[in-house]
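Under the numbering used here, read the sequence shown as residues 5 to 47, first letter to last. Backbone N, C-alpha and C define an ideal beta-carbon position, used for all residues, glycine too. Treat the numbers as computed from the prediction; the structure is a model and nothing was measured. Only one structure is covered here, and it is reproduced in the block below.
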Amino acid sequence: KVDPETAEALDMFLTKLKSLAAGEGSFTFILDDPAGNSFIENP
């Protein structure tokens with residue numbers, strides 16, 4: 005069971021995340037690959 009304060013904080017975080025995904029703000033995504041096994045390519 006989650007306390008109301010934690011639930012409210014989670015709701016606020018998800019609302020912010022959804023607005024960023026919809027392009028309503030800017031953000032920086034930092035990807036750390038310490039093993040160096042990732043390959044990322046622009047589409």
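By the CB criterion at 9 Å, V6 and L14 fall inside the cutoff.
In the DSSP assignment, F17 falls within the unbroken alpha helix (DSSP H) covering 8-25. Excluding its 5 nearest sequence neighbours in each direction, G27 has no C-beta neighbour in its own chain below 8 Å.
Distance from the CA of I44 to the CA of K22, rounded to the nearest whole angstrom, comes to 24 Å.
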